[in-house]
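Take a look at the structure below.
Chains as they are written, first to last, in my numbering: chain A, 1 to 370; chain B, 371 to 740.
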């Protein structure tokens, strides 16, 4: 019979990433009930710590009991109603997925289309928003996981402050690794996942909703199409005085998130951001020596995820598979127009360390016959 | 700062329950990528083992990446479209929740209402189905977690075989502890959770869809209102030749499920069912000696969850709280009309053991001043 003995991979793809041994150990902590007062202390602590990592005062800041995609669904479904207009910035796979969510919510989509590998010009977004002042939301991806592009948000955030349109941001490949600055930028709805910058296992999706977003939620004419992800019901369980039973929380995942967040705040956000930048700077230097070429546009490369064409003699897909099988190192393959052409190299959470770059480069050198 | 040091509870409520130390250990296993061929082996094994526990040949048998409530949402949303007719059997909190899901799916609901604490007469259900041969589904709860009633399914299952109406069953407080017999009963759509009879942590929702149910899914006129729970997309990731990326699976939870299912099949389903029955028989005997009175009707008491009025001198709610605080034993409180009046005592998974009954009775005796 098959046994549970997975190989010990170095996970340098777009996620999940490796996690701290203390987080793995937290997963093995004996269970409590989901209404146990001692468990509710963990919930409260997780909300507090998530607010710090999101850099927000938003009361409604909590981990959804599903993966990042569930957080994405929660973000769109809670604020959109059939017939609403949604401005969606689309320059990669996850921008496209945003359109799918808005479409399933019955929204009319105004697409701001960008090129894969490029950031979208904020001026173009603001121009579109001027043409559609009735838009319910404007959605952007902070780090497009398919391209490794980090999208500037500040100008759009500043434009939307004081306007009715909500600013919805995907912080999946960002939270815990680069500043997300919810309040400073003026983001109203944001989601992320547990398994990248936060360095916990996959399975939870932290979300945050601003006061302005919650007003939109509270003024809905129709029920949210997902009961499981209905933020008003979740808010009652997470923040209500009575902690009204909604669903049976994934206890162990919340233990892991607790430990991962504790480690993040112990390191300090600023230190952590600098560590991620330092690790990727080392990666850039080593990739440059070996003839890798960047896929993401210069000036817009996310420290969390580096997308590169492999050099001559190292065909992207066969080399990626060999890297996994012979060296136990995972990097991501390309998606969409970049399928089969690039590597996506993630340096997130505990993995943001030059020593991991050195391991990857050693494998590259060996594959190159050196 | 708060530390992760939860008390070591004996979880004899409706779930989550305690899990085997091997399952906790599995949670701490280093991560793999969600598209890693070695992880896909785990996915295949989990599907195979779930089929055995569900007692079905259904190809589409997999764990949804959310808690039992997500499985419930997946079950209803994948087969219902706006305007469809849904016959819902409602004799407790979770029957009521089924109506909420059907309602959010835009269905016209035909309610078969029963009393809390009683089973619903199958003849009444069949009579309703005869009046509504155009119903898209008939939904029943096998074990109503709010009342501890085990609902007979066979007659309704037999009636629906060969008819267009789908048979949808909630097996949340049942799977892995009592026979669910998907194929034999003729159940088309069924969902459960990981944290009760399966004895894994909460966070996954096993579901199974029959060929007949998948035909209904494939003939939909509208997209499923949840992208995250869209069973056609999930089927491509779980069973497709290309394992098309859908979402980043909760890897550690699937490790835990793997280990929990392996333990179940190692024990043997029949042995496991008998162990659950033996444990609850011991509980019945001990409760009887102490003057507890049953809430669920005789002949319909689920072995997994026993609902009782506490004896004179032992007020349900204060005693439940004292049980938790002074004895580290969790039992469930009542819901709905039974709120504050009863205990719900779960003996599921590893907890289905007379020694746990003995621990609970010792605490009861001490609280009774003996």
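Think of the CB as a built atom: it goes at the ideal place given N, C-alpha and C, for glycine as much as any other residue.
Please compile the residues from chain A whose C-beta is within a distance smaller than 7 angstroms of the C-beta of residue i.
{"i": "residue 740 (chain B)", "result": "Simply none; closest approach about 27 angstroms."}
{"i": "residue 436 (chain B)", "result": "65, 66, 70, 228"}
{"i": "residue 381 (chain B)", "result": "31, 33"}
{"i": "residue 593 (chain B)", "result": "104"}
Expressed to the nearest angstrom, what Euclidean distance is found between the alpha-carbon atoms of residue i and residue j?
{"i": "residue 372 (chain A)", "j": "residue 300 (chain A)", "result": "It is not possible to answer for residue 372 (chain A), since the shown part of chain A is limited to 1 through 370."}
{"i": "residue 128 (chain A)", "j": "residue 3 (chain A)", "result": "55 angstroms"}
{"i": "residue 494 (chain B)", "j": "residue 44 (chain A)", "result": "46 angstroms"}
{"i": "residue 611 (chain B)", "j": "residue 67 (chain A)", "result": "23 angstroms"}
{"i": "residue 233 (chain A)", "j": "residue 55 (chain A)", "result": "24 angstroms"}
{"i": "residue 721 (chain B)", "j": "residue 550 (chain B)", "result": "19 angstroms"}
{"i": "residue 555 (chain B)", "j": "residue 204 (chain A)", "result": "35 angstroms"}
{"i": "residue 311 (chain A)", "j": "residue 290 (chain A)", "result": "7 angstroms"}
{"i": "residue 76 (chain A)", "j": "residue 116 (chain A)", "result": "23 angstroms"}
{"i": "residue 641 (chain B)", "j": "residue 718 (chain B)", "result": "14 angstroms"}
{"i": "residue 135 (chain A)", "j": "residue 165 (chain A)", "result": "6 angstroms"}
{"i": "residue 211 (chain A)", "j": "residue 102 (chain A)", "result": "21 angstroms"}
{"i": "residue 32 (chain A)", "j": "residue 254 (chain A)", "result": "11 angstroms"}
{"i": "residue 371 (chain A)", "j": "residue 197 (chain A)", "result": "This structure cannot settle anything about residue 371 (chain A), because the visible part of chain A is limited to 1 through 370."}
{"i": "residue 492 (chain B)", "j": "residue 596 (chain B)", "result": "32 angstroms"}
{"i": "residue 645 (chain B)", "j": "residue 696 (chain B)", "result": "29 angstroms"}
{"i": "residue 380 (chain A)", "j": "residue 51 (chain A)", "result": "With chain A represented from 1 up to 370, any question about residue 380 (chain A) goes unanswered, as that position is not in the structure."}
{"i": "residue 431 (chain B)", "j": "residue 587 (chain B)", "result": "15 angstroms"}
{"i": "residue 558 (chain B)", "j": "residue 526 (chain B)", "result": "12 angstroms"}
{"i": "residue 178 (chain A)", "j": "residue 158 (chain A)", "result": "20 angstroms"}
{"i": "residue 73 (chain A)", "j": "residue 726 (chain B)", "result": "41 angstroms"}
{"i": "residue 70 (chain A)", "j": "residue 13 (chain A)", "result": "21 angstroms"}
{"i": "residue 28 (chain A)", "j": "residue 298 (chain A)", "result": "43 angstroms"}
What does DSSP give as the partner residues of residue i in its beta bridges?
{"i": "residue 483 (chain B)", "result": "B:460"}
{"i": "residue 671 (chain B)", "result": "B:519"}
{"i": "residue 432 (chain B)", "result": "B:577"}
{"i": "residue 167 (chain A)", "result": "A:138"}
{"i": "residue 381 (chain B)", "result": "B:700"}
{"i": "residue 513 (chain B)", "result": "B:520"}
{"i": "residue 373 (chain B)", "result": "For residue 373 (chain B), which the question treats as bridged, DSSP gives no partner whatsoever."}
{"i": "residue 108 (chain A)", "result": "A:85"}
Residues of chain B with a CB under 8 angstroms from the CB of residue i: which are they?
{"i": "residue 136 (chain A)", "result": "Going along chain B, no residue has its Cβ under 8 angstroms from residue 136 (chain A), so there is no contact; the nearest lies around 18 angstroms."}
{"i": "residue 193 (chain A)", "result": "618"}
{"i": "residue 302 (chain A)", "result": "By Cβ distance, chain B contributes nothing, its closest Cβ being about 17 angstroms from residue 302 (chain A), past 8 angstroms."}
{"i": "residue 34 (chain A)", "result": "386, 572"}
{"i": "residue 19 (chain A)", "result": "401"}
{"i": "residue 26 (chain A)", "result": "374"}
{"i": "residue 38 (chain A)", "result": "376, 377"}
Going along the chain, which residues of its own chain have a beta-carbon closer than 8 angstroms to the beta-carbon of residue i, five neighbours each way excluded?
{"i": "residue 684 (chain B)", "result": "734, 737, 738"}
{"i": "residue 592 (chain B)", "result": "451, 452"}
{"i": "residue 633 (chain B)", "result": "390, 392, 393, 569"}
{"i": "residue 419 (chain B)", "result": "628, 631, 632, 634, 635"}
Give the interface partners of residue i over in chain A, defined as CB-CB distance under 9 angstroms, in chain order.
{"i": "residue 452 (chain B)", "result": "The contacting residues do not exist; residue 452 (chain B) stays about 11 angstroms from chain A at best."}
{"i": "residue 623 (chain B)", "result": "201, 202, 203, 250, 252, 253"}
So with CB distances below 7 angstroms, who are the chain B contacts of residue i?
{"i": "residue 258 (chain A)", "result": "374"}
{"i": "residue 227 (chain A)", "result": "443, 470, 471, 474"}
{"i": "residue 8 (chain A)", "result": "400"}
What residues in its chain sit with their C-beta under 6 angstroms from that of residue i, if we drop five residues either side in the sequence?
{"i": "residue 509 (chain B)", "result": "458, 468, 538"}
{"i": "residue 562 (chain B)", "result": "541, 542, 545, 576"}
{"i": "residue 9 (chain A)", "result": "328, 330"}
{"i": "residue 361 (chain A)", "result": "286"}
{"i": "residue 107 (chain A)", "result": "80, 84, 86"}
{"i": "residue 7 (chain A)", "result": "328"}
For residue i, which residues of its own chain have a beta-carbon under 7 angstroms away from its beta-carbon, when the five flanking residues on both sides are left out?
{"i": "residue 120 (chain A)", "result": "89, 91, 112, 114, 151"}
{"i": "residue 465 (chain B)", "result": "458, 459, 511, 514"}
{"i": "residue 320 (chain A)", "result": "331, 333, 343"}
{"i": "residue 34 (chain A)", "result": "248, 249, 251"}
{"i": "residue 518 (chain B)", "result": "665, 666, 671, 672, 675, 676, 677, 714"}
{"i": "residue 692 (chain B)", "result": "737"}
{"i": "residue 565 (chain B)", "result": "385, 386, 387, 571, 572"}
{"i": "residue 337 (chain A)", "result": "116"}
Pick out the complete beta strand (DSSP E) segments inside the segment 627-689 of chain B, 3 residues or longer, and give them in chain order.
-> 675-679
* **Whole runs of the alpha helix (DSSP H) within the segment 217-242 of chain A, excluding any shorter than 4 residues** => 231-239
Practice item. Kindly provide the ranges of any beta strand (DSSP E) runs that are 3 or more residues long and lie completely inside the segment 170-205 of chain A, ordered along the chain. Key: 189-191
What are the complete beta strand (DSSP E) segments, minimum 3 residues, inside the segment 689-730 of chain B?
712-716
Check: Which ranges would you report for the alpha helix (DSSP H) in the segment 388-413 of chain B if only whole runs of at least 4 residues count?
Finding: 391-397
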